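S.K.: Before I ask anything, let me first share the structure, which is written out below as structure tokens.
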Amino acid sequence: MNSTPVAASNFIRTIIDGDLASGKHASIVTRFPPEPNGYLHVGHAKSICLNFGLAQDYQGKCNLRFDDTNPEKESEEYALSIQEDVRWLGFAWEGSVHWASDYFDDLYNFAVELINKGLAYVDDLSPEQMREYRGTLTQAGRNSPNRDRAPADNLDLFARMKAGEFADGAMVLRARIDMASPNMNMRDPAIYRIRRAHHIRTGDQWCIYPMYDYTHCISDALEGITHSICTLEFEDHRPLYDWVLDNLSITCHPRQYEFSRLELQYTITSKRKLLNLVNENKVLGWDDPRMPTISGMRRRGYTPEGIREFCRRIGVSKSTNNVDMAIMEGAIREDLEARAPRVVAVINPLKVIITNYEGATEREADFHPQHPEFGKRRVALSSTLVIEADDFAEVPPAGWKRLTLGGEVRLRHSYVMRCDEVIKDADGKVIELRCSIDHATLGKNPEGRKVKGVIHFLSCQHALPAEIRLYDRLFTVSEPDADKDVNFFDYLNPESLTVVQGFVEAVVQDAATETRYQFERLGYFCTDRRDHQPGGKLVFNRTVTLKDSWIK
RNA sequence: UGGGGAGUCGCCAAGUGGUAAGGCAACGGGUUUUGAUCCCGUCAUUCGUAGGUUCGAUCCCUACCUCCUCAGCCA
7 MNSTPVAASN FIRTIIDGDL ASGKHASIVT RFPPEPNGYL HVGHAKSICL NFGLAQDYQG
67 KCNLRFDDTN PEKESEEYAL SIQEDVRWLG FAWEGSVHWA SDYFDDLYNF AVELINKGLA
127 YVDDLSPEQM REYRGTLTQA GRNSPNRDRA PADNLDLFAR MKAGEFADGA MVLRARIDMA
187 SPNMNMRDPA IYRIRRAHHI RTGDQWCIYP MYDYTHCISD ALEGITHSIC TLEFEDHRPL
247 YDWVLDNLSI TCHPRQYEFS RLELQYTITS KRKLLNLVNE NKVLGWDDPR MPTISGMRRR
307 GYTPEGIREF CRRIGVSKST NNVDMAIMEG AIREDLEARA PRVVAVINPL KVIITNYEGA
367 TEREADFHPQ HPEFGKRRVA LSSTLVIEAD DFAEVPPAGW KRLTLGGEVR LRHSYVMRCD
427 EVIKDADGKV IELRCSIDHA TLGKNPEGRK VKGVIHFLSC QHALPAEIRL YDRLFTVSEP
487 DADKDVNFFD YLNPESLTVV QGFVEAVVQD AATETRYQFE RLGYFCTDRR DHQPGGKLVF
547 NRTVTLKDSW IK
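Using my numbering, read the first sequence as starting at 7 and increasing by one per residue.
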């Protein structure tokens, strides 16, 4: 994007402006804190653009920190994919990657500090009992019988938890806050549990793992984060975030701010549900081009610039938002429009014989109408062509500008052509057209008449076969997971993928993987990262169609 | 019916006491050998509702309505 639009004002920037102006902070430090338990999706892209974008705009820093406190769900594969996605999106984190597990020792020591202060205790209530003791939304909870255990005893028990003396789930360490708090998160939340699971970083070194609420704030503080930005569902965790830091000997106390998470129409942005789609083989993997994952969007042909522009356009606020897919498509098109070379492909071929081909000549055509520097190529022509079947109609609807029997049309970058005869098979299906060209129309308009339609074509003997994958929305309804009583699988769009064997211009033969083109009049396409073979099997993914003001 | 949030154009989203930015979409018109792009124009007397304060309110006050969110030893 050549225009560098000023970042839109939002409440977080307003807060930062204030903090900088008042001298509360000399510069800012943010962080992007994913759990390596799945692939990143478009919602994470929003968070990434926000956190890294803020650091960039304010000349601050942004850390990448993995929240790896639940070894049962985390894997190296996820951690690797997340780093790749962040980099691909165009961001660089400050220094090396951080991991919450880097702080396991500190976290343990801080827990000891809490115990010594009488602010944490070991509890062996069963999960069921704990739930009972917790009370309900309208009813205060009750104190656990273990709540007043002496610090010395808690210390001993906690050390033995760490030493592996107790079974998984036998007991937890709890923060001692207030069982009657109207905020459920403050009713003595568990901050450590016993879980013998192999951790991707610390292996089998630990059998106790700290919980998110306890870990996150301390990790932020240890990294000197100034603005800890997360989504709205953590709003009522903020008192706990502050409670932990207020009661520990840490001088740094980052402030947490929450923004509303992104909802994109006709798709889902829940890691768990995306995992379901993958596990149940509803899609071909995390990077299936229909997935709203960063790797899926990448494979489909979305560009980092386009996704970033999308994030800029949707803004950041606290109100619930359900973003129209058109905003994403608009941002992607804008980027691709400027940078994708034009080429011709035919996805639904109809044979055309030019009966008066004798003497016809070829022309060259620019790869981009606004960018002559993209170069040009020869447009192959011969007496046997394929055009898009959709560009011919025996009985044209009102307003039709394309080919019809007896009508004329401009062959893109070539002659004006008239259809003289329609050939059909036994079923009455049009299988071939006999046409003639006006030899006086190469590079100029015909005299005495206007030809309004332009269609694309390929010369049969020059075109290359290609597999073209046409993608449509993954779901049939705009909010597939809105109804809790209906499985979102029920709304899967059976036509979300259509694979077609079509033809492309020969110039595209050696295109590398992830090469983007505009197939004129059809849309933007990208060679598939996995299956496309330069010089061999050509595989294109349709990224997005062109805007189409022709109402069918 | 407890706590915490949110309600400004079809979708996002600024503005927060001085008389409603912008983007996307849509709709007109122009250019065009892509029904694309590009260009020009139109698109909230109104800011969830009802009262109140004020010379003046989307912005302050009161009440109400609607939606989201919290009872994992997940994050």
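Every residue, glycine too, gets a C-beta built ideally from N, C-alpha and C. None of these values were measured; they are calculated from a predicted model.
Where does residue 536 sit, in a helix, a strand or coil, going by DSSP?
M.R.: In this structure, residue 536 counts as coil in the three-state DSSP scheme.
S.K.: Note the first and the last residue of the continuous alpha helix (DSSP H) segment covering residue 132.
M.R.: Here residue 132 belongs to no alpha helix (DSSP H), and DSSP marks it neither H nor E.
S.K.: For residue 382, does the three-state DSSP call read helix, strand or coil?
M.R.: Three-state result, residue 382: strand.
S.K.: In angstroms, rounded to a whole number, what distance separates the CA positions of residue 1 and residue 470?
M.R.: Nothing in the structure corresponds to residue 1, since the chain is present only between 7 and 558.
S.K.: Determine the burial state of residue 474: buried for a count of at least 16 other Cβ atoms within 10 Å of its Cβ, exposed for fewer.
M.R.: Buried, because 16 or more other Cβ atoms sit within 10 Å of the Cβ of residue 474.
S.K.: With DSSP run on the structure shown, which of helix, strand or coil describes residue 419?
M.R.: It is coil, neither helix nor strand.
S.K.: So, under 8 Å CB-CB, residue 480 and residue 272 are touching, yes? Tell me the CB distance rounded to an integer number of Å.
M.R.: Indeed, because the Cβ distance is near 7 Å, the residues count as touching under 8 Å.
S.K.: Note down the Cα distance separating residue 91 from residue 185, rounded to an integer number of angstroms.
M.R.: Their backbone Cα atoms lie some 42 Å apart in a straight line.
S.K.: For the alpha helix (DSSP H) containing residue 168, name the first residue and the last one.
M.R.: That run of the alpha helix (DSSP H) goes 157–169.
S.K.: For residue 107 versus residue 205, is the C-beta spacing smaller than 9 Å?
M.R.: Against a cut-off of 9 Å, the Cβ pair of residue 205 and residue 107 comes out as a contact.
S.K.: Can you name, in chain order, every residue of its own chain whose Cβ lies under 8 Å from the Cβ of residue 10, other than the five neighbours on each side?
M.R.: Model confidence at residue 10 stands at a pLDDT of 39, short of 50, so the residue's coordinates are unreliable; what they give is reported in the following sentence. Hits under 8 Å: none found.
S.K.: When we look at the beta-carbon of residue 8 and count the other beta-carbons within 10 Å, is it buried (16 or more) or exposed?
M.R.: Because residue 8 sits at a pLDDT of 31, beneath the cut-off of 50, its placement in the model cannot be relied upon, and the following sentence gives the value as read from the coordinates. Exposed is the call here.
S.K.: To which residues does DSSP link residue 233 through a beta bridge?
M.R.: Answer is 261.
S.K.: Taking three-plus beta-carbon pairs below 8 Å as touching, is the region 352–366 in contact with the region 439–446?
M.R.: In short, these stretches touch, since the Cβ pair count reaches three.
S.K.: Touch check for the region 136–151 and the region 240–251: three-plus C-beta pairs under 8 Å?
M.R.: Result no; under three Cβ-Cβ pairs closer than 8 Å.
S.K.: Using 9 Å as the threshold, is the C-beta distance between residue 559 and residue 449 below it?
M.R.: Given a span of 7 to 558 for the chain in the structure shown, any question on residue 559 remains unanswerable.
S.K.: Looking at C-alpha atoms only, which residue of 85, 66 and 67 is the closest neighbour of residue 73?
M.R.: Cα-wise, what sits closest to residue 73 is 85.
S.K.: Is the beta carbon of residue 179 sitting closer than 9 Å to the one on residue 117?
M.R.: It is a contact, given that the beta carbons lie within the stated cut-off.
S.K.: Check residue 213 in the structure and name its three-state DSSP category.
M.R.: Looking at residue 213 - three-state DSSP - the assignment turns out to be coil, as it is neither helix nor strand.
S.K.: Out of curiosity, what's the CA-to-CA distance linking residue 343 and residue 195?
M.R.: Distance between the alpha carbons of residue 343 and residue 195: 52 Å.
S.K.: What is the DSSP secondary structure of residue 9, reduced to helix, strand or coil?
M.R.: Residue placement at residue 9 is poorly supported in this model, since its pLDDT is 36, which falls under 50; the coordinates are not used for a value here.
S.K.: Using a 10 Å radius around the Cβ and a threshold of 16 neighbouring Cβ atoms, would you call residue 391 buried or exposed?
M.R.: So residue 391 ends up on the buried side.
S.K.: In terms of residues, what are the limits of the beta strand (DSSP E) holding residue 355?
M.R.: Unbroken beta strand (DSSP E) run through residue 355: 355–360.
S.K.: With distance defined between alpha-carbon atoms, name the residue in 418, 413 and 411 nearest to residue 385.
M.R.: Looking at the Cα atoms, 418 is the closest of the given residues.
S.K.: Note down the Cα distance separating residue 482 from residue 499, rounded to an integer number of angstroms.
M.R.: Rounded to whole angstroms, residue 482 to residue 499 spans 5 Å at the Cα level.
S.K.: Looking only at C-alpha atoms, which of 376, 161 and 333 sits nearest to residue 346?
M.R.: For residue 346, the nearest C-alpha among the options comes from 376.
S.K.: Where do the N-terminal and C-terminal ends of the beta strand (DSSP E) with residue 68 fall, by residue?
M.R.: 67–72 is the span of the beta strand (DSSP E), which, as asked, contains residue 68.
S.K.: Which residue wins for smallest C-alpha separation from residue 353, given the options 172, 363, 249 and 393?
M.R.: Closest option to residue 353, Cα to Cα, is 393.
S.K.: For residue 124, which residues of its own chain have a beta-carbon under 8 Å away from its beta-carbon, when the five flanking residues on both sides are left out?
M.R.: Cβ neighbours of residue 124 beyond the five flanking positions: 157 and 182.
S.K.: Just checking, does the region 535–546 make contact with the region 490–499 on the three C-beta pairs under 8 Å criterion?
M.R.: No, the region 535–546 does not touch the region 490–499.
S.K.: Taking contact to mean 3 or more Cβ pairs, one atom from each stretch, closer than 8 Å, check whether the region 278–291 and the region 38–54 are in contact.
M.R.: Short answer: they touch.
S.K.: Once the 5 residues before and after residue 288 are set aside, which same chain residues still bring their CB inside 7 Å of it?
M.R.: Around residue 288: 495 and 498.
S.K.: Taking the beta carbon of residue 173 as the centre, do at least 16 other beta carbons fall within 10 Å, making it buried, or is it exposed?
M.R.: Exposed, by the Cβ-count rule.
S.K.: Between which two residues does the beta strand (DSSP E) holding residue 38 run?
M.R.: 35–38 is the span of the beta strand (DSSP E), which, as asked, contains residue 38.
S.K.: Between which residues of its own chain and residue 33 is the CB-CB distance below 6 Å, once the five residues before and five after are set aside?
M.R.: The answer, listed in chain order, is 66.
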